[in-house]
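Going down the list, the sequences are from chains L and X.
Add 438 to a position in the first sequence, counting from 1, and you land on the number used in my numbering.
Add 438 to a position in the second sequence, counting from 1, and you land on the number used in my numbering.
2 protein chains.
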Amino acid sequence: MATYHTALAALADPTRRSIFEHIVEGPRAVGELAAVLPVSRPAVSQHLRVLKEAELVVDSQIGARHVYQLNPSGLGALRTYLDRFWDQALAAYAATAESDEE
Amino acid sequence: MATYHTALAALADPTRRSIFEHIVEGPRAVGELAAVLPVSRPAVSQHLRVLKEAELVVDSQIGARHVYQLNPSGLGALRTYLDRFWDQALAAYAATAESDEE
DNA sequence: ACTTACGGTAAGTTACTACTTACCAGTTTG
DNA sequence: CAAACTGGTAAGTAGTAACTTACCGTAAGT
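Shown next, in the form of structure tokens:
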């Protein structure tokens, strides 16, 4: 499911967002991420699964290392959703401001 | 606190997002929202507080009715964050694709 | 003033989620 | 083949968050 919903829920968690931000800067192995973050390696692994299901990252195995890198799909879906939202919000906001002057 | 974080966390919940989407379409009273949604009125009231703290909505009392309407601040902060993110993501993604061809 | 409508707050319950340790599977190196 | 390194999975725990009912203010109408 590549909905904006899963991406939104995935990025709502601070730890998971931190992991994602690291991956945005470039491909990262699981151990690399765990070394930097204040949580255990299994925790990182579980977060990566959520990010993967949200189509925010993709993984590829290189030897024994599992490297995760960005998947633009999820972030794009989220951005599209918010953009549509943003236009709608501005229009409604303008209409409200106008009706206040009547 | 008008961080993108609070807005992100606020919109991660389906019920709360549904409430927000109604408000985006135009100002809504608490009772109106509760009548449409599958949760109780106190639940709606609690969600509205979270949305308010995230600066996604503002409330104004009109007689006995409490009307909530859009506050562009929170949505704007979230959008700014994602936009910055998006550019960074595209650049990193392009760089990765390029290095794959070496 | 009494009643009705509106909505925020308190307290309690349930469900989920982020985390831990322990374990297991695959990969590379000696 | 064995030892070391990689990382995903299982099981259990603790904290949190979304929801309920009950209650209490405040505003408008009769």
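Note that CB positions come from ideal geometry on N, CA and C, so glycine has one too.
Residue i (DSSP reduced to helix, strand or coil)
i, result
"residue 498 of chain X", "strand"
"residue 529 of chain L", "helix"
"residue 480 of chain X", "helix"
"residue 518 of chain L", "helix"
"residue 441 of chain L", "coil"
Continuous beta strand (DSSP E) stretch holding residue i: start and end
i, result
"residue 508 of chain L", "503-508"
Chain X contact for residue i (CB, 8 Å cutoff)
i, result
"residue 450 of chain L", "yes"
"residue 526 of chain L", "yes"
"residue 457 of chain L", "no"
Start and end residues, alpha helix (DSSP H) containing residue i
i, result
"residue 469 of chain L", "468-474"
"residue 492 of chain X", "Careful: residue 492 of chain X lies outside any alpha helix (DSSP H) and carries neither H nor E."
"residue 452 of chain X", "452-463"
Under 7 Å by beta carbon: chain L residues contacting residue i
i, result
"residue 447 of chain X", "450"
Chain L within 8 Å of residue i, Cβ atoms only
i, result
"residue 540 of chain X", "Residue placement at residue 540 of chain X cannot be trusted, given a pLDDT of 41 that sits under 50; the coordinates are not used to answer."
Neighbouring residues, chain X, relative to residue i (Cβ below 9 Å)
i, result
"residue 463 of chain L", "526 and 530"
"residue 517 of chain L", "517, 520, 521, 523 and 524"
Proximal chain X residues relative to residue i, where beta-carbon distance stays under 7 Å
i, result
"residue 503 of chain L", "Those do not exist, as residue 503 of chain L stays about 16 Å from chain X at its closest Cβ, beyond 7 Å."
Under 8 Å from the C-beta of residue i: neighbouring residues of chain X
i, result
"residue 513 of chain L", "520, 523, 524 and 527"
Whole-number beta carbon distance between residue j and residue i, since they are thought to touch under 8 Å
i, j, result
"residue 468 of chain L", "residue 454 of chain L", "That belief does not hold up - the Cβ atoms of residue 468 of chain L and residue 454 of chain L are roughly 14 Å apart, past 8 Å."
"residue 490 of chain X", "residue 496 of chain X", "7 Å"
"residue 532 of chain X", "residue 463 of chain L", "Not really, about 13 Å apart at Cβ, beyond 8 Å."
"residue 517 of chain L", "residue 520 of chain X", "6 Å"
"residue 506 of chain X", "residue 452 of chain X", "No, residue 506 of chain X and residue 452 of chain X are not in contact; Cβ-Cβ is about 18 Å, not under 8 Å."
"residue 492 of chain L", "residue 450 of chain X", "Rounded, the Cβ-Cβ distance is 11 Å, inconsistent with contact."
"residue 494 of chain X", "residue 471 of chain X", "Incorrect: roughly 14 Å between the Cβ atoms, too far for contact."
"residue 474 of chain L", "residue 460 of chain L", "7 Å"
"residue 527 of chain X", "residue 510 of chain L", "6 Å"
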